[in-house]
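Using the numbering used here, read the sequence shown as starting at 112 and increasing by one per residue.
Contents: one structure, followed by commentary.
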Amino acid sequence: NLATTTNSAIDLSTNNTGGTVNFGGGNLVITTTSGTGFNATGGGTVNVTGMGNTITTTTGTALNVANTTIGANNLTFQSITAGTAASGAPATGINLTTTGASGGLIVTGIGTTAGSGGTIQKCTHGVYANSSRNLSLSNMNIINNGQNQTQAGSSSNVGGDLVTGNNLQAVANITLFTITNASFTNLSVTGSGQIGINGNAVNGLTLSNCTVNSNGNESFESGIALQNASGTISITGTSVRNNRARHLHIANGSGTMTLNTSSSQYGHTALGIGTPESQQGILLQLFGTSNSTINASSLTISNNEIISGGTVYANGFQINADNGSPVVNGSITSSTFDYNAAHVFINAGGTSTVTFNTQNNLTMTHCDLQAINYTVLGGSAAITANLTGTISGNQIGVGAIGGTSAGANIHAIDINSGSNWAGQMHLTISNNTIRQVSGGIILTLAGAPAANAVTPEVHAKVTGNTISNALNPTEEAIKLNAAVTSANPKLFVCWDVGGTGLQNVVSGDWATGASQASLYLRNRFTGNGSIRLPGYGGSSTDDAAVTSYLAGRNSITAGPSSGQVAVLVTHTGTTPFTGGAACTVP
């Protein structure tokens with residue numbers, strides 16, 4: 112046993128360049144008060160092996176390895192504890208800075224016993240790793256760190272802007288800067304004064320059966336914040352809840368990342384505990400030249416609420432791929448959503464290429480805006496985003512539960528394009544069950560100015576959906592509103608709705624006080640756009656023929672209120688409708 116008060120129990124601070132120090136055999140038990148437990152700053156290589164190695168400090172740093180290589184045999188400890196005093200704590204509980212390219216720190220704990228790997232608490236930085244690798248922590252409590260912040264969470268050097276700023280000045284329970292391969296199992300990462308887990312240039316991160324809850328105390332202070340992550344980021348069986356701002360925030364402007372998250376929870380544990388600083392459950396800002404694959408499944412994303420003079424909601428799962436030329440592929444499946452603004456919000460812009468599927472999410476209730484929203488931003492002919500996806504097998508609303516009790520303008524599925532763009536959308540929307548919303552499947556599409564060299568395109572196949580039991584139905588069950596602004600009339604739309612064996616089944620009152628139609632095709636082109644309807648053989652200007660075509664391909668029971676109609680078609684322009692080949696959809 113090595114026990115000291117103010118001095119380091121093990122001090123390797125003299126010049127050890129070229130040398131190797133090994134601690135083997137196990138049962139290395141280190142105890143200090145204000146001294147550093149294990150201090151290795153003199154260069155060379157150090158290894159700690161065997162079972163039963165522990166470090167405990169009262170107000171001192173437990174482990175400090177800086178400018179010294181951790182050898183291939185690693186530093187292995189059963190437990191590391193720092194900050195046990197009632198008051199006073201080290202600035203950093205565990206510090207790993209420039210530790211070479213061989214081994215890493217391993218804290219094992221005992222079996223799967225929570226807390227058996229030690230407790231790091233009350234520090235400015237709980238665990239701080241910079242230019243290190245192969246960090247493995249198990250069964251630890253890393254709690255109530257992130258003290259003594261020097262900049263507010265809203266600072267562009269903390270969490271206020273991870274697109275043009277950075278997070279390098281944040282304090283956190285766990286800080287990871289330029290790290291290769293970090294693995295956390297059965298950790299409690301809670302109560303940070305700023306960020307729970309803060310990472311920059313992390314290449315490979317695994318969280319398994321962890322708790323990352325109740326971190327941050329002001330705006331833009333999140334549970335997990337990662338900038339420029341790469342490799343595989345895996346979050347499974349983990350609770351990321353009740354954090355002050357976002358629960359998971361990743362912002363990547365370059366590099367290649369795969370995010371796998373499953374069987375985890377994001378959001379607040381209950382209604383009524385949000386704050387004015389609350390934001391998304393998951394926000395992925397993917398921009399620049401980044402290449403990302405997102406595999407999200409079996410998640411619970413709920414209660415992302417903002418309480419400030421009343422209750423409003425933040426989005427549950429959001430991707431922003433609207434800056435630069437990012438490539439995004441992925442899906443969210445088999446997940447549960449409740450009490451969010453939009454449950455799933457996919458936003459493409461710039462010259463991005465986004466392929467994303469939202470499938471088989473069997474509980475999507477109490478949305479405040481939309482259950483699912485896919486949008487391509489407009490604003491310039493230079494916006495050539497391509498958004499492709501399948502939205503299928505989702506249960507939006509259950510029985511008498513759909514949108515919030517707030518009522519109007521709650522849509523199940525919204526597809527939008529902003530004014531003036533030159534990209535493409537290719538979407539399949541099929542076999543969704545939609546109930547208790549004020550609008551069903553709504554496509555609101557603006558085009559480009561007539562002078563633009565490129566015509567934006569939207570291909571959508573809408574089949575096999577069941578839509579009923581509207582709640583305050585201000586919109587239609589199915590609506591295509593093409594060329595929203597007359598200043599941007601240039602747009603090509605291919606719209607394949609229903610068909611033999613693929614009918615959409617719609618019932619009840621819709622768009623009361625407006626069109627009173629269950630299915631509404633509204634063509635507002637002024638002469639430079641068209642809608643292709645595969646299999647349509649009538650006149651290009653015959654609204655009645657298009658109405659008959661759509662009615663025959665779908666099963667719509669209008670009403671029961673007076674004035675309700677199954678299908679309504681209106682147009683402007685000279686050649687609004689054409690037949691032709693099938694739409695190009697996934």
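The beta-carbon is built from N, C-alpha and C at its ideal position, and this holds for glycine as well.
- Message: Closest to Leu602 by C-alpha separation, out of Asn250, Ala562, Thr499 and Ser579, would be which residue?
- Response: Reading the sequence shown from its first residue, position 491 is the one you call residue 602. Among Asn250, Ala562, Thr499 and Ser579, the Cα nearest to that of Leu602 belongs to Ala562.
- Item | Burial state of Pro201 (16 or more Cβ within 10 Å) | Stepping through the sequence shown from its first residue, residue 201 is reached at position 90. With 16 or more Cβ atoms within 10 Å of its Cβ, Pro201 is classed as buried.
- Query: Taking the C-alpha atoms as reference points, what is the distance between Gly589 and Thr474?
  - Reply: Along the sequence shown, read from residue 1 onward, the residue named residue 589 stands at position 478. Along the sequence shown, read from residue 1 onward, the residue named residue 474 stands at position 363. Inspection of the sequence shows that residue 589 is occupied by Ile rather than by Gly. Straight-line Cα distance between these residues: approximately 21 Å.
- Between which two residues does the alpha helix (DSSP H) harbouring Val657 extend? Residue 657 sits at position 546 when you count from the first residue of the sequence shown. In the DSSP assignment, Val657 falls within the unbroken alpha helix (DSSP H) covering Asp654 to Gly663.
- Length of the line joining the Cα atoms of Ser190 and Ile166: For the purposes of this step, residue 190 is identified with residue 79 of the sequence shown, where counting begins at 1. For the purposes of this step, residue 166 is identified with residue 55 of the sequence shown, where counting begins at 1. Straight across, the Cα-Cα distance linking Ser190 with Ile166 is about 6 Å.
- 7 Å Cβ cutoff met for Asn324 and Asn353: As a working note, residue 324 is residue 213 in the sequence shown. As a working note, residue 353 is residue 242 in the sequence shown. With contacts defined as CB atoms closer than 7 Å, Asn324 and Asn353 qualify as a contacting pair.
- Query: Can you give the Cα-Cα distance for Thr411 and Val300, rounded to whole angstroms?
  - Reply: The sequence position of residue 411 within the sequence shown is 300, counting from 1. The sequence position of residue 300 within the sequence shown is 189, counting from 1. Roughly 19 Å between the two C-alpha positions.
- Are the CB atoms of Asn185 and Gly215 nearer to each other than 7 Å? Against the sequence shown, residue 185 aligns to sequence position 74. Against the sequence shown, residue 215 aligns to sequence position 104. Yes. Within cutoff.
- Enumerate in chain order the residues of its own chain whose CB-to-CB distance from Ser629 is below 6 Å, with the five nearest sequence positions on each side excluded. Here residue 629 is taken as the residue at index 518 of the sequence shown, counted from 1. These residues qualify, in order along the chain: Ala588, Val617, Trp621, Ile667, Ala669 and Ala677.
- If you compare alpha carbons, which of Ile405, Thr400, Gly366 and Tyr424 is closest to Ile384? By one-based count along the sequence shown, residue 384 stands at place 273. Taking only the C-alpha atoms, the option nearest Ile384 is Tyr424.
- Query: Nearest-angstrom Cα distance between Gln260 and Asn252?
  - Reply: As a position in the sequence shown, residue 260 is number 149, starting the count at 1. As a position in the sequence shown, residue 252 is number 141, starting the count at 1. If I take the Cα positions, the gap works out to 21 Å.
- Task: Give every residue of the same chain whose Cβ lies closer than 6 Å to the Cβ of Ile578, excluding the five residues on either side of it in the sequence, and list them in chain order.
- Result: Walking along the sequence shown from the start, residue 578 turns up at place 467. Cβ contact annotation for Ile578 (same chain, cutoff 6 Å, sequence separation greater than five): Ile545, Gly551, Ala588 and Val617, in chain order.
- Query: Whole beta strand (DSSP E) runs in the segment 418–475 with 3 or more residues, listed along the chain?
  - Reply: Listed in chain order, the complete beta strand (DSSP E) runs (minimum 3 residues) inside the segment 418–475 are 422–424, 428–432, 438–444, 447–459 and 464–470.
- Query: Going by beta carbon distance, what residues of the same chain come within less than 6 Å of Phe448, once the five residues before and after it are set aside?
  - Reply: Sequence index remark: in the sequence shown, residue 448 carries index 337 (1-based). Listed in chain order, the non-local C-beta contacts of Phe448 below 6 Å within the same chain comprise Ile412, Gly427, His454 and Met475, local neighbours out to five positions each way being set aside.
- Query: To the nearest angstrom, how far is it from the Cα of Asn164 to the Cα of Gln232?
  - Reply: Here residue 164 is taken as the residue at index 53 of the sequence shown, counted from 1. Here residue 232 is taken as the residue at index 121 of the sequence shown, counted from 1. Rounded to whole angstroms, Asn164 to Gln232 spans 20 Å at the Cα level.
- Message: Please classify Met368 as buried or exposed, where buried requires at least 16 neighbouring CB atoms within 10 angstroms.
- Response: The residue labelled residue 368 in the question sits at position 257 within the sequence shown. By the Cβ-count criterion, Met368 is buried, with 16 or more other Cβ atoms from all chains shown falling within 10 Å of its own Cβ.
- Simplified DSSP assignment, three categories, for Trp532: For the purposes of this step, residue 532 is taken as the residue at position 421 of the sequence shown. Trp532 falls in the coil class under three-state DSSP.
- Query: Met368 bridges to which residues according to DSSP?
  - Reply: On the sequence shown, position 257 is the one that residue 368 refers to. DSSP lists Gly342 and Ser403 as the beta-bridge partner residues of Met368.
- Sorted by chain position, which residues of the same chain lie with C-beta nearer than 8 Å to Thr208's C-beta, five sequence neighbours on each side aside? The residue given as residue 208 occupies position 97 in the sequence shown. The residues are Val176, Ala177, Asn178, Tyr239, Ala240, Asn241, Ser242 and Ser243.
- Relative to the alpha-carbon of Asn615, which residue among Gly646, Ala593 and Asn576 has its alpha-carbon at the smallest distance? Locating residue 615 in the sequence shown gives position 504, counting from the first residue. Restricting attention to Gly646, Ala593 and Asn576, the CA atom closest to the CA of Asn615 is found in Asn576.
- Cβ pair count under 8 Å reaching 3, the segment 432–439 against the segment 499–508: No, they do not touch.
- Item | Where the beta strand (DSSP E) containing Ile290 begins and where it ends | One-based indexing of the sequence shown puts residue 290 at position 179. Looking at the DSSP string, the run of the beta strand (DSSP E) that includes Ile290 is Ala283 to Thr296.
- Determine the contact status of Thr585 and Arg633, defining contact as a CB-CB distance below 7 Å. By one-based count along the sequence shown, residue 585 stands at place 474. By one-based count along the sequence shown, residue 633 stands at place 522. Not in contact: Thr585 and Arg633 (Cβ atoms no closer than 7 Å).
- Task: From the DSSP output, read off the bridge partner residues of Phe149.
- Result: Residue 149 sits at position 38 when you count from the first residue of the sequence shown. Answer by DSSP bridge pairing, in chain order: Ile121 and Leu174.
- Message: Quick check on Gln376: does DSSP put it in helix, strand or coil?
- Response: For the purposes of this step, residue 376 is taken as residue 265 along the sequence shown, with counting starting at 1. The DSSP-derived three-state label of Gln376 is strand.
- Message: Tell me which residues share the same chain as Ser151 and place their Cβ nearer than 6 Å to its Cβ, disregarding the 5 neighbours each side in the sequence.
- Response: Taking the sequence shown and counting its residues from 1, one reaches residue 151 at position 40. Just to set this straight, residue 151 is Ala in the shown sequence, not Ser. Same-chain partners within the cutoff: Leu123, Val157, Val176 and Thr179.
- Task: Please determine, among Glu329, Asp653 and Ile512, the residue with the shortest C-alpha to C-alpha distance to Ser266.
- Result: As a working note, residue 266 is residue 155 in the sequence shown. Of the listed residues, the one whose Cα sits closest to Ser266 is Glu329.
- Span of the beta strand (DSSP E), counted from its first residue to its last, around His236: Translated into positions along the sequence shown, residue 236 becomes position 125. Element bounds for His236: His236 to Ser249.
- Query: According to DSSP, is Gln280 helix, strand or coil?
  - Reply: Taking the sequence shown and counting its residues from 1, one reaches residue 280 at position 169. If DSSP states are grouped into helix, strand and coil, Gln280 belongs with coil.
- Item | Three-pair Cβ contact test at 8 Å for the segment 267–274 versus the segment 332–339 | The segment 267–274, when compared against the segment 332–339, does touch it at the 8 Å Cβ threshold.
- How many whole angstroms separate the CB atoms of Val465 and Leu488, which I take to be in contact at a CB cut-off of 8 Å? If you number the sequence shown from 1, residue 465 lands on position 354. If you number the sequence shown from 1, residue 488 lands on position 377. Going by Cβ atoms, the distance from Val465 to Leu488 rounds to 12 Å, so no, they are not a contact pair.
- Task: Please report how far the alpha carbon of Gly392 lies from the alpha carbon of Thr219, in whole angstroms.
- Result: Against the sequence shown, residue 392 aligns to sequence position 281. Against the sequence shown, residue 219 aligns to sequence position 108. Rounded to the nearest whole angstrom, the C-alpha separation of Gly392 and Thr219 is 30 Å.
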